[in-house]
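Report on one structure; see the data block that follows.
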Amino acid sequence: MSAQASVFQPMKPLKATATTSQPVLTIQQIETIFYKIQDIYEIHKEFYDNLCPKVQQWDSQVTMGHLFQKLASQLGVYKAFVDNYKVALETAEKCSQSNNQFQKISEELKVKGPKDSKDSHTSVTMEALLYKPIDRVTRSTLVLHDLLKHTPVDHPDYPLLQDALRISQNFLSSINEDIDPRRTAVTTPKGETRQLVKDGFLVEVSESSRKLRHVFLFTDVLLCAKLKKTSAGKHQQYDCKWYIPLADLVFPSPEESEASPQVHPFPDHELEDMKMKISALKSEIQKEKANKGQSRAIERLKKKMFENEFLLLLNSPTIPFRIHNRNGKSYLFLLSSDYERSEWREAIQKLQKKDLQAFVLSSVELQVLTGSCFKLRTVHNIPVTSNKDDDESPGLYGFLHVIVHSAKGFKQSANLYCTLEVDSFGYFVSKAKTRVFRDTTEPKWDEEFEIELEGSQSLRILCYEKCYDKTKVNKDNNEIVDKIMGKGQIQLDPQTVETKNWHTDVIEMNGIKVEFSMKFTSRDMSLKRTPSKKQTGVFGVKISVVTKRERSKVPYIVRQCVEEVEKRGIEEVGIYRISGVATDIQALKAVFDANNKDILLMLSDMDINAIAGTLKLYFRELPEPLLTDRLYPAFMEGIALSDPAAKENCMMHLLRSLPDPNLITFLFLLEHLKRVAEKEPINKMSLHNLATVFGPTLLRPSEVESKAHLTSAADIWSHDVMAQVQVLLYYLQHPPISFAELKRNTLYFSTDV
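For the sequence shown, the numbering used here assigns the number 53 to the initial residue and increments by one for each residue that follows.
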């Protein structure tokens, strides 16, 4: 009690002078220096007044735990005092310098000594005086320790004193962090040390809109927080949005997910637009750096890039991850990959195996816990590339060839398949999927995939058990949920990957081992168009030679693949984006090159992604692009025109300038891709997605002139690919173009390009 009273003593006379004509301090200064002292004094007075009579009429039946518990629950006032402590000292220091009278008072403050000491008064400095209330909490905590030692476990006071001690200790550890950087641990209701197990940024759907949250998983509680906007230079803090004790946390089964207000997936083309902007900004930043540009210009570009990356991060995730609080409320996160979802779920379930208790955090404890998040967090930055240091690896651009061989370690037979994911623009995307190997404990897929990398640094392999039960549909996204048997990740180290040879590796996941091989081809190498030595085939042979030989307008390979895709692949999710098995594609290539009579039979049996892959390969291996080397520079200029009428004239004129076999084939493919995009709600392939897949394939020149002003292969790529995608997208979005109509207009435009 004396600590509070002693700080209170000098405050009274100072307050009295504040209203006179010669104030020592203003009311404002007094309130800053003695912030919350009145409140602290009153809390203690009430505690003391209630405790005194109990101690004076003591017997073993008396209970007083509730008084200590109430005192502990009011520690928030101390938190406010502590947060103000530095400012109070600074204000006292300033007042001392400008006011002699106050300097004298503050250097030698007389405070009452303890009752039984010789001196009735002792002198202390203002700093020591203001530290007293903080010191008091430490001493109260020690008192509680001693009280507990002497209280029988079955006494009604015991749990109350235990609770008061826990709150006090947690409070102390939080203020020690502010005053003393050596941190003390926060404890759980069971008195164990509460540790941070996992944290990261997740997108929460709240009131039907997407919000970026920082989620913290502690040993006994999941806390969802938001970073508070603070003024520059100020210590950043988190704001708790909600928390669930793990004892109360349940995962609804997919079928139970109540039909929540549907969160509409962000349109693919808008996501692709953001990626384009990000890539273009990256190139600009590189150019500025190469030309030793102004740092302000670079900062401005980086800020713009961050805004676009942030939007992409917020709007790209679509995989629902729902959690319930047993007492009612349900929360929904959206993740970009099944991998993250199972990581969070497994981490929570592992902690739930322990004997956990439900609890409610007092406002002080919640403040303390949220306060500790900032120091404890392991993920410091929002996962966008503009947060990275310049010398960090920019990742790989090109094609990763992966063969998924086999897997072992399954306890019982199941229908098994694997998917491959790589990171791109700060989040992971599923790129390939093996076929389902039925009813086995040792699946042998031996399937090869070619995966496009856009600045990727990691490859993930997930192994699933296929579910054929139609009742197990997830209400959040209408998809049947397959069970993850294992998952693993490896870093794509440029040194290891960039050797020309296959590199075999094993990923171990939950006792399952998946064997795979991979090799990497940089983008420059992968799109080199090399003419075929055998002119009798169709791959690597000029389109005019093939159509003349076949007496056809559109090469047979193009017509057959398109027909097959339209027959049974038009509703396939990710058609043309998901890689086909490379060995199947090579087999189809050989059959078409040999003009084998079994082509149709083989096509009808072949996996549809392999047929889609064969069609892409045919266009990629043409000795010159379908839209020709000669016209490439003109396409690049035409797409950059800003006047719509001039652009239309130029783009149509360029089509007219193509050789007939190229033009007819291009228009045939264009109509097919539009039909595929009509099924976008089912196959998830928008015009924009299709333009991204086919643009470089149809336009990439046979030999890229190295561009002196761009610094790296990645920049040449990102800069040109953007424009190539835009050219194809222009024609895909254009009303139907007919060959006859175009040619009829040739009369008006006879000038060559």
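Heads up, the beta-carbon is just placed ideally off N, CA and C, and yes, glycines get one too. Model, not experiment: these values are computed from the prediction.
Where residue 702 falls: helix, strand or coil (DSSP) | To locate residue 702, count along the sequence shown from 1; it is residue 650. In this structure, residue 702 counts as helix in the three-state DSSP scheme.
Do residue 777 and residue 743 have their C-beta atoms closer together than 7 Å?
-> Walking along the sequence shown from the start, residue 777 turns up at place 725. Walking along the sequence shown from the start, residue 743 turns up at place 691. Their beta carbons are under 7 Å apart, which means residue 777 touches residue 743 by this criterion.
From residue 600 to residue 544, what distance separates their C-alpha atoms?
-> Locating residue 600 in the sequence shown gives position 548, counting from the first residue. Locating residue 544 in the sequence shown gives position 492, counting from the first residue. C-alpha separation (whole angstroms): 45 Å.
In chain order, what residues of the same chain have a beta carbon less than 6 Å from the beta carbon of residue 552, not counting five sequence neighbours either side?
-> Here residue 552 corresponds to residue number 500 of the sequence shown, with the count starting at 1. So no residue of the chain qualifies.
Who are the Cβ neighbours of residue 749 in its own chain at under 7 Å, not counting the five residues just before and after it?
-> Within the sequence shown, numbered from 1, the residue matching residue 749 stands at position 697. 668, 671, 672, listed in sequence order.
Assign residue 494 to one of three DSSP states: helix, strand, or coil.
-> Stepping through the sequence shown from its first residue, residue 494 is reached at position 442. Three-state result, residue 494: coil.
Hey, residue 411 and residue 297: beta-carbon distance below 7 Å or not?
-> What you label residue 411 is simply residue 359 of the sequence shown in a count that begins at 1. What you label residue 297 is simply residue 245 of the sequence shown in a count that begins at 1. Against a cut-off of 7 Å, the Cβ pair of residue 297 and residue 411 comes out as a contact.
For residue 457, which three-state DSSP category applies?
-> The residue you call residue 457 lines up with position 405 of the sequence shown. Reduced to three states, the DSSP call for residue 457 is strand.
Report the rounded CA-to-CA distance for residue 645 versus residue 453, giving the unit in angstroms.
-> As a working note, residue 645 is residue 593 in the sequence shown. As a working note, residue 453 is residue 401 in the sequence shown. Between residue 645 and residue 453, the C-alpha separation is close to 23 Å.
Could you name the residues of the same chain whose beta carbon sits closer than 8 Å to that of residue 797, not counting the 5 residues immediately before and after it, in chain order?
-> Numbered from 1 along the sequence shown, position 745 holds the residue referred to as residue 797. Taken in chain order, the residues that qualify are 704, 708.
With DSSP collapsed to three states, give me the class of residue 110.
-> Here residue 110 refers to the residue found at position 58 when the sequence shown is read from its first residue. Judged by DSSP in its simplified three-state form, residue 110 adopts coil rather than helix or strand.
If you compare alpha carbons, which of 745, 503, 257, 735 is closest to residue 374?
-> Here residue 374 is taken as the residue at index 322 of the sequence shown, counted from 1. Taking only the C-alpha atoms, the option nearest residue 374 is 257.
Mapping DSSP to helix, strand and coil, what is residue 396?
-> Against the sequence shown, residue 396 aligns to sequence position 344. In the structure shown, residue 396 sits in a helix (DSSP, three-state: H, G or I).
Are the segment 463–478 and the segment 512–521 touching, with three or more C-beta to C-beta distances below 8 Å?
-> yes
What's the C-alpha gap between residue 435 and residue 479?
-> Working through the sequence shown from its first residue, we reach residue 435 at position 383. Working through the sequence shown from its first residue, we reach residue 479 at position 427. Rounded to the nearest angstrom, the two C-alpha atoms are 8 Å apart.
Option in 661, 503, 272 with minimal Cα separation from residue 621 = Here the question's residue 621 lines up with position 569 in the sequence shown. Nearest of 661, 503, 272 to residue 621, Cα basis: 661.
According to the neighbour-count rule (16 or more other Cβ atoms, all chains shown, within 10 Å of its Cβ), is residue 653 buried or exposed?
-> Start at 1 with the first residue of the sequence shown, and residue 653 comes out as number 601. By the neighbour-count rule (16 or more Cβ atoms within 10 Å), residue 653 is not buried but exposed.
Given that a residue counts as buried once 16 or more other Cβ atoms are within 10 Å of its Cβ, and exposed if not, what is residue 233?
-> Taking the first residue of the sequence shown as position 1, residue 233 is located at position 181. Low confidence applies to residue 233: its pLDDT is 42, below 50, so where it sits in the model is not reliable, and the reading given next is rough at best. Looking at its Cβ environment, which holds fewer than 16 other Cβ atoms inside 10 Å, residue 233 is exposed.
Cutoff 7 Å; reference residue 517; Cβ partners in own chain excluding five residues on either side = Your numbering for residue 517 matches position 465 in the sequence shown. The residues are 466, 467, 468, 534, 535, 537.
Quick one: measure Cβ to Cβ for residue 88 and residue 132, integer angstroms, because I've assumed they're closer than 8 Å.
-> Numbered from 1 along the sequence shown, position 36 holds the residue referred to as residue 88. Numbered from 1 along the sequence shown, position 80 holds the residue referred to as residue 132. About 5 Å; that satisfies the 8 Å criterion.
When burial is assigned at 16 or more other CB atoms within 10 Å of the CB, is residue 663 buried or exposed?
-> Here residue 663 refers to the residue found at position 611 of the sequence shown. Buried, by the Cβ-count rule.
Residue nearest to residue 401 in terms of C-alpha spacing, selected from 80, 746, 108, 299 = For this step, residue 401 is matched to residue 349 along the sequence shown. Checked all of 80, 746, 108, 299; the closest Cα to residue 401 is 299.
Assigned secondary structure, residue 207 (DSSP; H/G/I helix, E/B strand, else coil) | The residue labelled residue 207 in the question sits at position 155 within the sequence shown. Here residue 207 sits in coil by DSSP.
Out of 655, 504, 404, 522, point me to the one whose CA is closest to residue 641's CA.
-> As a working note, residue 641 is residue 589 in the sequence shown. It is 655.
Within 10 angstroms of its Cβ, does residue 343 collect 16 or more other Cβ (buried), or is it exposed?
-> The count along the sequence shown starts at 1 and reaches residue 343 at position 291. With fewer than 16 Cβ atoms within 10 Å of its Cβ, residue 343 is classed as exposed.
How is residue 303 classed by DSSP in three states: helix, strand or coil?
-> To locate residue 303, count along the sequence shown from 1; it is residue 251. The answer is coil: DSSP assigns residue 303 none of H, G, I, E or B.
Got a sec? Which residues, its chain only, sit under 8 Å from residue 249 by beta carbon, not counting five neighbours each side?
-> Counted from its first residue, the sequence shown places residue 249 at position 197. Within the same chain, residue 249 has close Cβ partners 269, 270, 271, 399, 403.
So is residue 648 buried or exposed if we call it buried at 16+ other beta carbons inside 10 Å?
-> Residue mapping note: residue 648 aligns to position 596 of the sequence shown, counting from 1. Burial call: exposed.
Own chain partners of residue 637 with C-beta closer than 7 Å, once the 5 adjacent residues on each side are dropped = For the purposes of this step, residue 637 is taken as residue 585 along the sequence shown, with counting starting at 1. Closer than 7 Å at the Cβ level, and outside the excluded window around residue 637, lie 662, 665, 666, 669.
Check whether the Cβ atoms of residue 337 and residue 363 lie closer than 7 Å to each other.
-> Against the sequence shown, residue 337 aligns to sequence position 285. Against the sequence shown, residue 363 aligns to sequence position 311. It is not a contact, given that the beta carbons lie outside the stated cut-off.
Straight-line CA distance for residue 448 to residue 385?
-> As a position in the sequence shown, residue 448 is number 396, starting the count at 1. As a position in the sequence shown, residue 385 is number 333, starting the count at 1. Put simply, the backbone Cα of residue 448 is about 30 Å away from that of residue 385.
Give the secondary structure of residue 520 by DSSP, where H, G and I count as helix, E and B as strand, and everything else as coil.
-> Taking the sequence shown and counting its residues from 1, the one referred to as residue 520 is at position 468. In the structure shown, residue 520 sits in coil (DSSP, three-state: anything other than H, G, I, E or B).
Cα separation between residue 765 and residue 556?
-> The residue given as residue 765 occupies position 713 in the sequence shown. The residue given as residue 556 occupies position 504 in the sequence shown. Any reading at residue 765 needs caution, since the residue's pLDDT is 49, under 50, leaving its predicted position unreliable; the model's value is listed next. Going by the C-alpha atoms only, they are around 27 Å apart.
Apart from the five residues on each side of it in sequence, which residues of its chain come closer than 8 Å, Cβ to Cβ, to residue 489?
-> Here residue 489 refers to the residue found at position 437 of the sequence shown. The answer, listed in chain order, is 467, 468, 469, 495, 496, 497.
Check residue 258 in the structure and name its three-state DSSP category.
-> Here residue 258 is taken as the residue at index 206 of the sequence shown, counted from 1. The answer is strand: DSSP assigns residue 258 an E or B state.
Taking residue 539 as part of the beta strand (DSSP E), name the residues at either end of that continuous run.
-> For this step, residue 539 is matched to residue 487 along the sequence shown. Unbroken beta strand (DSSP E) run through residue 539: 535–543.
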